[in-house]
Amino acid sequence: MTNADPIALIDQSLRVAIRAAFGEGFDDVDPILREAQKREFGDWQANVAMSLGKRLGKPPREVAETILDQVDFGDVVSESSIAGPGFINLRLSPSAVAAALLAMDTPSLGVANDPSDHPVAIDMVSVNVAKRMHVGHLRSAVIGDAIARTLERRGRTVIRQNHLGDWGTPIALVLAQLRNNGVNLDEVTLEDLDTAYREAQANAKADRRGAEATRRFFAGSHRHAELEAQNEGADEVIAAAKQDLVQLQAGDPELHADWRKMIDCTLDAVQETIDLLGVRMRRDSDKGESFYNDQLAGVVDAFLASGKAREDDGAIVVDFPDRDRPMIIRKRDGGFLYATTDLAAIRHRTHDLNADRILYIVDIRQRDHFRDVFEASRMLGWDTCADGLAAELNHLGFGTVLGADGKPLKTRSGTNASLMGLIEEAIRRGTDAVLARSQDPSAPTHGLSEEDLGRIGRAVGIAAIKYADLSSDAAKDYVFDMDRMVAFEGDTGPYLLYAHARICSLLDRAGGVPNGAQFQPHEPAEKDLGLQLLGYAKVVHQVSHSLEPHHLCGYLHRLAGLFASFYQQCSVLKAEDPAVQASRLRLCDLVRRVLSDGLDLLGMESPQRM
RNA sequence: GCGGGUGUAGCUCAAUUGGAUAGAGCACCGGUCUACGAAACCGGCGGUUGCAGGUUCGAAUCCUGCCAUCCGCGCCA
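Residue 161 is where the first sequence starts when you use the numbering used here, and the numbers rise one by one after that.
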């Protein structure tokens, strides 16, 4: 915040006034400044009088009057009044808004860096080897990317961690299946892998009760429950796979080479999808379960040595003081579990990566799992970095993607909808719309090359999908309705892109912002737009803490809406007074940059035309 | 059975974390383009915030009890 920040100035003035009016003991009273919810009331309001009234035993309105008698807002506030039970309503002077806009009109747009120099580790996407990506991965990728970009915007180093499901009996089963099928792994496609995966699954469960296993099989990514094939009483297929796994672990060169090829094939396909989605993640983000494999025995030993784990019916478990269900970290047969791997991963991320914040962008149904793992890791101090700083461990759990019927989104055949298919359809529909509009000779996109139009269509389609995913509370389920998303009307990603594109062409026609342009937000629409702009840094800071991108979506949508109103009410190019025109152009330019910056944090492109 | 989430306009979602008359979008009705881009703007219709109590100046938000619904619950990941 700069010293031109009118809200900080008002806050300070009120604190001084409260101290002066009520004496010592009222040194540090929060004026409870809030944005006014309705413009009729004012721009901002202070709600301190109500709580202070109680403390002083005086009517809140009287308290408010006393404060206003004492306060000196300088020329920041143009109008103040008392309303209702004791709200202090304030209207900012145009000059104060102008000064604040001037202060934020810098490359940073007022967004401050986070002081921490530790990296942040984000566990996101987390695909399963040999499986196609499906909608279950969409949210982790989109939300994770938005969070990562927001933290990077604040100067943090973000280490994306693709916690691959690349180890264990499931993977061994697929390998065995591939060899049975005589598949040449040098030319293997993800299709082959996916098929082998399904066949392996079918074989594994053929000899056993299938219903429950089938239900789990279709549940989602490996971080959900994809293969229910590790129960005791393994049949021959599983026994053989476990044998393979032992050999693989022992370093059998041929098996290891096949295993690598399988991973490479999967990840090449993943990369293609990730790139098309515009999610920033590369192969150097890969750190799968296999990475932690040789640390798992040590994890269990550490818990045993510290007395935090005990043996129970042959298994090793960790107890929690407030829960009766323990967490198993080693099975009776000596095998390790998902929890064991996650404990190793936390230790790696604090001890080796030095991360002071570890975020998990994983389905919310795993809340209990992460609660257990986080708490257990704290028992051994594995949440602390080398410098003694305790890392913040956070599970950003997201809800399920539902179809129009309100049930988890599936294809007609009942399998999980392919993520690539969804993305391609969104892009196709975005491109169709862009192409159709470019037919109009007066359209700004008229005459653009097919390549350019395709690029714009892609940006529009992707923005539609992402905005739908990001604009509501991540923890809740949401209905994936392609028709609504790509209607491109109302509260959608394309609406934001459209606002941005209009500003671009406006500035284009004007030849940019004139030298010496000064902010003069006198018209109500100009001032409202200006006030909204001033809130940008705050919302970015907020999202980087709360991990709620939907607040940024809401902010940008309001900004775009206020711009649309302003655009309707205030002529820019036709403004008669050159100073007014210059002011409006500068305002437009600032809106454009904030929109573009905000869209980028959400992982969306902002084309100049659409 | 135990634990957790959710419940807001016909539909999809918000609500600055306890503030004023609960807001948007879609749908519906009515206005605004020989154009600073109508993917837009302006107005209208639409609510007992699941129900019942409680806390206080003030509750969608906090507490208690119900109802509905979804999810999780030791050797799967």
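Heads up, the beta-carbon is just placed ideally off N, CA and C, and yes, glycines get one too. If you're wondering where the values come from, they're calculated on a predicted model, not measured in any experiment.
query, result
"Span separating the alpha-carbon of alanine 670 from that of arginine 744", "11 angstroms"
"Residues of its chain near histidine 500, where Cβ-Cβ distance is below 6 angstroms and the 5 sequence neighbours each way are ignored", "Here the sequence assigns threonine to residue 500, which means histidine is not the residue at that position. Counting only Cβ-Cβ distances below 6 angstroms, and skipping sequence neighbours, we find Leu456, Val459 and Ile489."
"Distance, histidine 511 Cα to glycine 466 Cα", "The sequence given here places serine at residue 466; glycine does not occur at that position. Taking the straight line joining both Cα atoms gives about 18 angstroms."
"Beta-carbon contacts of lysine 421 that lie in its chain and below 6 angstroms, excluding the five residues immediately before and after", "Leu345"
"Counted within 10 angstroms of its Cβ, other Cβ atoms place glycine 270 as buried (16 or more) or exposed", "buried"
"Residue burial classification, lysine 687 (beta-carbon count within 10 angstroms, cutoff 16)", "buried"
"Assigned exposure category for asparagine 576 - 16 Cβ within 10 Å defines buried", "buried"
"Whole-angstrom distance between tyrosine 727 and aspartate 229, CA atom to CA atom", "39 angstroms"
"Touching by the beta-carbon criterion (3+ pairs, under 8 angstroms), the region 162-177 and the region 234-249", "yes"
"Those residues which DSSP pairs with glutamate 686 across a bridge", "Answer is none; glutamate 686 lacks a bridge partner."
"Under 7 angstroms between C-beta atoms of leucine 562 and valine 646", "no"
"Three-state secondary structure assigned by DSSP to serine 240", "strand"
"Whether methionine 210 touches proline 245 by CB criterion (7 angstroms)", "yes"
"Alanine 661 to valine 620 span [Cα, whole Å]", "12 angstroms"
"Proximal residues to aspartate 757 (C-beta, below 7 angstroms), its chain only, five neighbours per side dropped", "Leu269"
"Sequence-distant residues of the same chain with beta carbon closer than 7 angstroms to alanine 564, five excluded per side", "Val639 and Asp641"
"Cβ neighbours of leucine 716 in the same chain (closer than 6 angstroms, five flanking residues each side left out)", "Leu656 and Gly758"
"Cut-off 8 angstroms between Cβ atoms - residues of its own chain near leucine 408, not counting five sequence neighbours on either side", "Ala332, Leu335, Leu415, His416 and Trp419"
"Under the three-state DSSP convention, the category isoleucine 192 falls into", "coil"
"Reduced DSSP category for phenylalanine 247 - H, G, I as helix; E, B as strand; rest coil", "strand"
"Buried or exposed (CB count within 10 angstroms, at least 16 for buried), glutamate 432", "exposed"
"Distance, arginine 485 Cα to methionine 764 Cα", "43 angstroms"
"Through-space distance from lysine 570 to alanine 379, alpha-carbon basis", "For alanine 379, the predicted structure reports a pLDDT of 38, less than 50, and the residue's modelled location is therefore unreliable. A value from the coordinates is still provided. Computed Cα separation, rounded: 11 angstroms."
"Cβ pair leucine 250, glycine 202 closer than 7 angstroms", "yes"
"Cα-Cα separation between aspartate 404 and methionine 487, rounded to whole angstroms", "28 angstroms"
"CB contact flag (isoleucine 583, leucine 350, <7 angstroms)", "no"
"For cysteine 425 and alanine 401, the rounded distance between their alpha carbons", "21 angstroms"
"Counted within 10 angstroms of its Cβ, other Cβ atoms place serine 704 as buried (16 or more) or exposed", "buried"
"Under the three-state DSSP convention, the category arginine 375 falls into", "Note that arginine 375 has pLDDT 36, beneath the 50 cutoff, so the model's placement of it is unreliable and no number is given."
"CB contact flag (glutamate 683, cysteine 713, <7 angstroms)", "no"
"Pair within 7 angstroms by beta-carbon distance, aspartate 305 and arginine 440", "yes"
"Every unbroken alpha helix (DSSP H) inside the region 516-553 [4 residues or more]", "527-539"
"Cβ-based burial, asparagine 363 [other Cβ within 10 Å; buried from 16]", "buried"
"Contained alpha helix (DSSP H) runs [length at least 4] in the region 567-644, N- to C-terminal order", "579-598 and 610-630"
"Entirely enclosed alpha helix (DSSP H) segments - the region 414-500, minimum 4 residues", "449-452 and 456-465"
"Distance between proline 279 and leucine 761 (C-alpha atoms, nearest Å)", "18 angstroms"
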